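Numbering (UniProt numbering), first residue to last: 1 to 80. Everything below concerns the one structure shown next.
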Amino acid sequence: MTTTAAPEKGKKNHGKSHIARAGAATPQQNILGRSPPPPPPPTPTPTPPPKPDPWISATDANGKLYYINRETNETVWERP
1 MTTTAAPEKG KKNHGKSHIA RAGAATPQQN ILGRSPPPPP PPTPTPTPPP
51 KPDPWISATD ANGKLYYINR ETNETVWERP
């Protein structure tokens, strides 16, 4: 709510609002006349965990090692 002080006798108000007095704290200052502390920095967005390696190892019927991609079902003899 905005209040307007009555103009002194002989002076015109000119439609201006007289909320703050001389020496009064402004909205940017606290009662002690100091500016408020800056806001804390934003919380960083956590990084998602790394995606698991799609390649797993297996052995064939002869005991030879090969690799299977769990996402594509591709198989290879050498580790990609």
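Positions of the beta carbon are idealized from the N, C-alpha and C atoms, including for glycine. Just so it is clear, the structure is predicted and the values come from calculations on it, not from any experiment.
**OP:** Output the distance between the C-alpha atoms of G63 and P50, rounded to the nearest integer angstrom.
**Re:** 31 Å
Subject >> Alpha carbon of R70 to alpha carbon of P54, nearest angstrom >> reply: 5 Å
**OP:** Determine, using beta carbons only, whether T59 and Y67 come nearer to each other than 8 Å.
**Re:** Taking the C-beta atoms as reference points, Y67 is found no nearer than 8 Å to T59.
Original post:
Do you know offhand how far P41's Cα is from P52's?
Top reply: Distance between the alpha carbons of P41 and P52: 32 Å.
**OP:** Specify, as a first and last residue, the run of the beta strand (DSSP E) that N62 falls within.
**Re:** Segment: none, N62 is in no beta strand (DSSP E) and carries neither H nor E.
Original post:
Given E78, which residues of its chain have a CB within under 6 Å of its CB, disregarding the five upstream and five downstream residues?
Top reply: none
**OP:** Have a look at T45 and S35 and give me their C-alpha separation to the nearest angstrom.
**Re:** Cα to Cα, T45 sits roughly 29 Å from S35.
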